[in-house]
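See below for the structure under consideration.
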Amino acid sequence: MRYLVLGAGALGGFFGARLIKGGADVTFLVRPRREQQLQRDGLVVHTQDGETLSYKVRSVQQGGIDKPFDVVLLTCKAYDLEGALDAIAPAVGPGTAILPVLNGIRHIDVLTQRFGAPQVLGGITVVNAALRPDGAIQQSQVRINMNHLGELDGQQSARCGAIAQTLTAGGLAAEVVDNIAASMWQKFFGYACNASLTTLTRSRAGSIAKAGAGAAFVSAVIGEVASVAAAEGFPVPPSLPALIQGMFSQPDSTYLPSILVDMEENRPTEGEHTIGDLVDRANRRGIAVPLLTAARCNLQAYEINRARP
78 MRYLVLGAGA LGGFFGARLI KGGADVTFLV RPRREQQLQR DGLVVHTQDG
128 ETLSYKVRSV QQGGIDKPFD VVLLTCKAYD LEGALDAIAP AVGPGTAILP
178 VLNGIRHIDV LTQRFGAPQV LGGITVVNAA LRPDGAIQQS QVRINMNHLG
228 ELDGQQSARC GAIAQTLTAG GLAAEVVDNI AASMWQKFFG YACNASLTTL
278 TRSRAGSIAK AGAGAAFVSA VIGEVASVAA AEGFPVPPSL PALIQGMFSQ
328 PDSTYLPSIL VDMEENRPTE GEHTIGDLVD RANRRGIAVP LLTAARCNLQ
378 AYEINRARP
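Structure representation (structure tokens):
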């Protein structure tokens, strides 16, 4: 199978390296500066197991795709997705599978509206990696094995099986699930809780645990997110709220999600595409979510302040 990976940053480069190691034919769709870096230095990934993956890779810039690919893997930030649709369009033919591994749910609607539901797969991953200044990718020591994909209609398919087999052969255990939408909502539940709690307080989990009102705040946010998920048809299992409560009950915890890191480093966030989308879904269903609305407003105000000269 021929794979096109959108971007060769931390996540795209990591997945691409695993696919190459698994025997796949991989091309990266990248910007000019990254293409120059890849041509000069190759793709280098340092894994959490001490392994270094180093490959000379094939790359292309927007406008350089001349035929469809079997699989298009999307690993971009949610705020870059709509701008990437035209870039990937020449790579999408009648038999192409589009596999996004983005935060949130909204991207599924965007992709199915543009390319049609049969083209789009669901996927989730938890890979902690960073792009170093030298262009190499460094995987962190955080070990969470969550790499799921599947057809949106729940059917088993040869293409999902082939993708999972290739990733697993490349050292990234991947699993095909028969209800990927539920898996995506469960991940989104955790993301939305963690993002709302930490960005609204600009605090790590330990500080929230120490706050006198912390436990009540955590429970209230969990309740709002869970109510929206249930209304959308994906009630969360009891273990997930308990997991979030446990994360925010440890006074010594330094945990912070990537969206808070983005705020601390004055980078754009995925707030509107995740928390904003969740609030929109709540509003359409008449569900009051005052804390999520406050979190959304906070993220919107942050972006407004960022844009000031």
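Residue numbers (the working numbering): 78 to 386. Just so you know, even glycine gets a beta-carbon here, dropped at the ideal spot from N, CA and C. Since this is a predicted model, take the numbers as computed values, not measurements.
Locate the beta strand (DSSP E) running through residue i, then write down its first and last residues.
i, result
"Ile352", "Element bounds for Ile352: not the beta strand (DSSP E) but the alpha helix (DSSP H), 348-361."
"Thr129", "129-132"
"Asp102", "102-106"
"Ala251", "No beta strand (DSSP E) contains Ala251, which DSSP labels as neither H nor E."
"Asn375", "No beta strand (DSSP E) holds Asn375; the alpha helix (DSSP H) holding it covers 367-384."
"Arg95", "It is not in any beta strand (DSSP E) - Arg95 instead sits in the alpha helix (DSSP H) that spans 87-98."
Terminal residues of the continuous alpha helix (DSSP H) containing residue i?
i, result
"Arg191", "183-192"
"Ser280", "From DSSP, Ser280 is part of no alpha helix (DSSP H); its letter is neither H nor E."
"Glu342", "Careful: Glu342 lies outside any alpha helix (DSSP H) and carries neither H nor E."
"Pro318", "316-324"
"Leu162", "158-165"
Please classify residue i: is it buried, with 16 or more other beta-carbons within 10 angstroms of its beta-carbon, or exposed?
i, result
"Ala282", "buried"
"Ile221", "exposed"
"Ile352", "buried"
"Gln113", "exposed"
"Gln216", "buried"
"Asp354", "buried"
"Arg373", "buried"
"Lys98", "buried"
Helix, strand or coil: which one does DSSP assign to residue i?
i, result
"Ala174", "strand"
"Ile201", "strand"
"Val302", "helix"
"Leu337", "helix"
"Leu229", "coil"
"Asn224", "strand"
"Val295", "helix"
"Arg110", "helix"
"Ser136", "strand"
"Lys287", "helix"
Could you pull the DSSP bridge partners for residue i from this structure?
i, result
"Ile27", "This structure does not reach residue 27, given that the chain is present from 78 up to 386, and the question cannot be answered."
"Tyr80", "Val103, Val148"
Any Cβ of chain D within less than 7 angstroms of the Cβ of residue i?
i, result
"Gly227", "As a matter of chain content, chain D is missing from the structure shown, which is built from one protein chain."
Rounded to the nearest angstrom, what separates residue i and residue j at their Cα positions?
i, j, result
"Val366", "Asp157", "27 angstroms"
"Ala155", "Gln327", "30 angstroms"
"Ala246", "Arg191", "32 angstroms"
"Arg108", "Gln138", "6 angstroms"
"Ala293", "Leu317", "17 angstroms"
"Ile336", "Thr275", "9 angstroms"
"Ala258", "Asn224", "14 angstroms"
"Gly227", "Ala168", "21 angstroms"
"Ala384", "Gly160", "19 angstroms"
"Leu188", "Val197", "7 angstroms"
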